[in-house]
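Notes follow the structure.
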Amino acid sequence: MVFAMMFLSDTQCFQQPQPSKSQKINLTDDDSGKLLNVLKGTVFTLTLPDHVDGGYRFDEAQYDTSILRLEKYTEKAPPPNSAQGRPGLAYWQFIAVKNGETLLKITATRPWNGGGSVTIFENIVLVK
23 MVFAMMFLSD TQCFQQPQPS KSQKINLTDD DSGKLLNVLK GTVFTLTLPD
73 HVDGGYRFDE AQYDTSILRL EKYTEKAPPP NSAQGRPGLA YWQFIAVKNG
123 ETLLKITATR PWNGGGSVTI FENIVLVK
């Protein structure tokens, strides 16, 4: 009984860590489908595999431009002499500029394949 009371009082006092502008946030495809809580002014990076050998090209990132601003987008090819089919990497660096909520969605398209696109990454970003 005493243990149960101590356990309950400890769990009621537990607080989730608050987001911090200075924390380094690096998202990957493993973070797709999750909620990201950040403070206004926070910079975060999204890194995804770039399957150029399959003919896919990333489309323009979809998000509310009044809440997030794309600071930089870069692509890195696979290392020379790497195994066939090894993906390169694509990097998006964003800054949270205004309080609000936005969907961040990255799609890719095979341009010669009728323009059909696939969703590669999708996340809700909540800026406080």
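My numbering applies: residue 23 is where the sequence shown begins, and numbers increase by one.
Each residue gets a CB set at the ideal place from its N, CA and C atoms; glycine is no exception.
Quick check: the Cα distance between residue 56 and residue 144, rounded to an integer number of angstroms? 8 Å
Exposed or buried, which one is residue 92 when buried takes at least 16 other CB atoms within 10 Å? exposed
Using C-beta distances below 6 Å, list every residue in its chain close to residue 87, excluding the 5 sequence neighbours before and after it, in chain order. Excluding sequence neighbours, residue 87 sits near nothing in its chain.
Answer yes or no: do residue 129 and residue 140 have a C-beta to C-beta separation smaller than 9 Å? Yes, Cβ-Cβ distance for residue 129 and residue 140 is below 9 Å.
Rounded C-alpha distance that separates residue 62 from residue 111: 27 Å
Nearest to residue 123 by alpha carbon, out of 113, 103, 105, 149? 149
On a CA-only basis, which of 69, 77, 104, 118 is nearest residue 97? Give me that one, please. 69
State the CB to CB distance for the pair residue 89 and residue 119, rounded to an integer number of angstroms; the pair is presumed to be in contact (CB under 8 Å). Contact annotation, residue 89 with residue 119: C-beta distance approximately 7 Å; criterion of less than 8 Å satisfied.
Taking only three categories from DSSP, how would you classify residue 63? coil
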